[in-house]
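Protein chains: 2
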Amino acid sequence: MTHHYADRLANAIEHKRTAAVVGIDPVLERLPAPFAPQRRTAEHAARCVEGFAREVIRVVAPRVPALKINSAFFEAMHEHGVAAFYRLIRFARECGLLVISDIKRGDIGSTAALYARGHIADPPFEDISASCVPDAVTLAGYLGKNAVIPFVEQASASGRGVYVLVRPSDPGADVVHDFGGERPFYLHMAELVREWGAAPQLVGERGFSCVGAVVAPKDSASTAALRDFLPHTPLLVPGYGAQGGTAAACRACFARGAGGAVVNASRSVIYAFEKPEYREQFGDDWLACIDAACAGFAEDIASLL
Amino acid sequence: MTHHYADRLANAIEHKRTAAVVGIDPVLERLPAPFAPQRRTAEHAARCVEGFAREVIRVVAPRVPALKINSAFFEAMHEHGVAAFYRLIRFARECGLLVISDIKRGDIGSTAALYARGHIADPPFEDISASCVPDAVTLAGYLGKNAVIPFVEQASASGRGVYVLVRPSDPGADVVHDFGGERPFYLHMAELVREWGAAPQLVGERGFSCVGAVVAPKDSASTAALRDFLPHTPLLVPGYGAQGGTAAACRACFARGAGGAVVNASRSVIYAFEKPEYREQFGDDWLACIDAACAGFAEDIASLL
């Protein structure tokens, strides 16, 4: 796998005709009846979560180019969850999806190298297949270049990518990212991310770097300014759906063309079976609810291309 | 375990007469001969790392009040490493050490709740013992209050604590933390951390909150100013030893008394057997090298109390 991440992503977006990414954030308390846990063990809980996630992946795979899977929801079950996490990455890739591993790791350089080994490098172990390695990871860049470069080196060597947090979706993060007045902190992070991904050997044929940014859409003027400021940076756009974002709010992220952004929705898709509008139509067929929600999401985002 | 974290830590510091914390950052390539890996599997690698770490923990336990264990070095071996990580937390606690789990997690609120379940809450699973839960974790607070509060709620309810990154040790992090000119970003983070830990029910008998801060010593004037600014915040001080910090540089962190700070050293202790000064004295007895380095470190930090 040496084809550039951003090119592979752009191809997948063209193939699926949408830039929608489904996020796998499964919590035990919200699993549908067939996967509701029967025992209070982490091992069993991990199996329930994995079984549910596999069904979700199977049903959304034909509709979207990529999947985002969040480590937190698996770490809750310690090693049992972590084993399921890597099996799911492999399964999603086997289903033809690109996989973004949402880990938001960020530590000093010597430690970042070890995180990179576990999460983005070709595994140096015979009992871990490269098919368990995601196509991209999310990172926290707040510890500076040394926290990010070990990932970038491994990613660029293997056709993989990274997305560094620049403007998170949670409004509670604004107190940090709007710090600094006229030139706020998120612009400073954007400048660093631009710099970390600027080397020509990091940029693919379509003009996008393997160093991307997580950019939640806020007001469209500032989103457009950020998009302009990061011409070669692929964006991962959170906040759609359960977090209140709309396709219209994401439009400014697509100003640089189809390969330049993907929009993630997690809870609004994978828990669609909780919503009256889907239940009325599909009853207890929870997978049909998810499929319909995914179809609507994919179509909504397709309108941005 | 409902006794307040900061009080338990202060008691442990008094009992061991030092505020030195040993950091467990084991990389496969640097393990001493008895634990050098014989096969290229993650399962075997995790056993080697765990075996080494257990010996280190056993030898340092009588000398220091607490241990810091960094998740990155175990995640590199996927679920095998993660299982070892939790067994080591348990083992260190059985050896009478307080354990700080260095995870630096930070994500939006709904996700942070799941990270908290895996890393600081009493486990809701019958097959995970509360003895695998550390006494404190490190956090990245850059996604704001919602990223931290789920941890604080779980920690305060169970006599555990958190340390939020305020001023990391890596000089490469300065480009982020010195941002903003006269009132730099790290002071902004310090203000947030102070606020998150200020509620009276979060403060223990000794006057310290269960919400601490990671504060690397830079110039002593700014360190002293930060210590003053955070009167109720226990500090975790990185950067000593391999990263170049000295006890003198850490002195300003102790201005609020013995319970107010701990100093971590990782590589300078656990890889002491690589250094000529210890090899000359102890030859191939790598554990004696570690013991001697730990004794020196503990004594050096004891001078600050």
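Taken in sequence, the protein lines are chains A and B.
If you count by my numbering, then the first sequence holds residues 1 to 305, one letter each, in order.
If you count by my numbering, then the second sequence holds residues 1001 to 1305, one letter each, in order.
All C-beta atoms in this analysis are idealised placements derived from N, C-alpha and C, irrespective of residue type, glycine included.
Every value quoted in this text rests on a predicted model; they were computed, and no experiment measured them.
Gly1244 of chain B and Val1137 of chain B have their C-alpha atoms roughly 24 Å apart. DSSP places Lys1275 of chain B outside any alpha helix (DSSP H), giving it a letter other than H or E.
The residue from A:Thr233, A:His44, A:Arg8 and A:Arg117 with its alpha-carbon nearest to that of Ala199 of chain A is A:Thr233. Burial is judged here by how many other beta carbons sit within 10 angstroms of a residue's own beta carbon; Lys1275 of chain B has fewer than 16 and is exposed.
If you check each beta-carbon in the region 1017-1051 of chain B against every beta-carbon of chain A, the ones closer than 8 Å belong to Asp1025, Val1027, Arg1039, Arg1040, Thr1041, Ala1042, Glu1043 and Ala1045. In chain order, Cys48, Gly51 and Phe52 place their CB closer than 6 Å to the CB of Phe35 of chain A, counting only its own chain and leaving out the 5 sequence neighbours on each side. For the pair of segments examined, the region 1117-1128 of chain B was found to touch the region 64-78 of chain A: the number of CB pairs separated by less than 8 Å reaches three. Within the region 1083-1158 of chain B, the alpha helix (DSSP H) runs of at least 4 residues that lie entirely inside it are, in chain order, 1109-1119 and 1145-1157. Residue pairing for Ile69 of chain A: DSSP places it in a beta bridge opposite A:Ile24 and A:Ser101.
Contact note: Lys1145 of chain B reaches chain A through Gly172 and Val175, using a C-beta cutoff of 8 Å and chain order. For Arg160 of chain A, the nearest beta carbon of chain B is not closer than 7 Å to its own beta carbon. A direct Cα-Cα distance of roughly 6 Å separates Leu1304 of chain B from Arg1251 of chain B. Sorting A:Ala45, A:Ala20 and A:Arg39 by C-alpha distance to the C-alpha of Val60 of chain A places A:Ala20 at the top. Take the alpha-carbon of Glu55 of chain A and the one of Ser1220 of chain B: they are about 56 Å apart. Pairing Ile149 of chain A with Trp196 of chain A, the inter-Cα distance amounts to about 8 Å.
For Asp178 of chain A, the nearest beta carbon of chain B is not closer than 7 Å to its own beta carbon. If you draw a 10 Å sphere on the C-beta of His1003 of chain B, you find fewer than 16 other C-beta atoms in it, and that means exposed. Taken atom to atom, the span from the alpha-carbon of Ala1261 of chain B to that of Ala1010 of chain B is near 9 Å. Between Ala116 of chain A and Gln154 of chain A, the gap from beta carbon to beta carbon is short of 7 Å. Around the beta carbon of His15 of chain A, fewer than 16 other beta carbons sit within 10 angstroms, so the residue counts as exposed. Using a Cβ-Cβ cut-off of 7 Å, Pro1168 of chain B counts as an interface residue toward chain A, since at least one Cβ of chain A sits closer than that to its own.
Of all alpha-carbon atoms in A:Arg30, A:Leu97, A:Ala84 and A:Leu28, the one lying nearest the alpha-carbon of Ile57 of chain A is that of A:Leu97. Close to chain B, meaning a Cβ-Cβ distance shorter than 8 Å, are the following residues of the region 111-139 of chain A: Thr111, Ala112, Leu114, Tyr115, Arg117, Gly118, His119, Pro123, Pro124, Phe125, Glu126, Asp127, Ile128 and Cys132.
Counting the other Cβ atoms within 10 Å of the Cβ of Pro231 of chain A gives fewer than 16, which makes it exposed. The residue from B:Val1064, B:Ala1173, B:Val1214 and B:His1177 with its alpha-carbon nearest to that of Val1193 of chain B is B:Val1214.
Boundaries of the beta strand (DSSP E) around Gly1161 of chain B: Gly1161 to Arg1167. Where Val176 of chain A is concerned, the enclosing alpha helix (DSSP H) starts and stops at Asp174 to His177.
At least one CB atom of chain B sits nearer than 7 Å to the CB of Tyr86 of chain A. Contact between Phe297 of chain A and Ala265 of chain A holds: CB atoms are separated by about 5 Å, below the 8 Å threshold. The Cβ atoms of Ala247 of chain A and Arg167 of chain A do not sit closer than 7 Å to each other. Not a single C-beta of chain A is nearer than 7 Å to the C-beta of Tyr1240 of chain B.
The C-alpha of Val175 of chain A lies about 10 Å from the C-alpha of Met1189 of chain B. In this structure Ser110 of chain A is buried. Its beta-carbon is surrounded by 16 or more other beta-carbon atoms within 10 angstroms. Within the model, the alpha-carbon separation for Ala272 of chain A versus Leu31 of chain A is close to 11 Å.
According to DSSP, Ser1209 of chain B shares a beta bridge with B:Val1203. Contact between Ala92 of chain A and Ala12 of chain A is absent: CB atoms are separated by about 12 Å, not below the 8 Å threshold.
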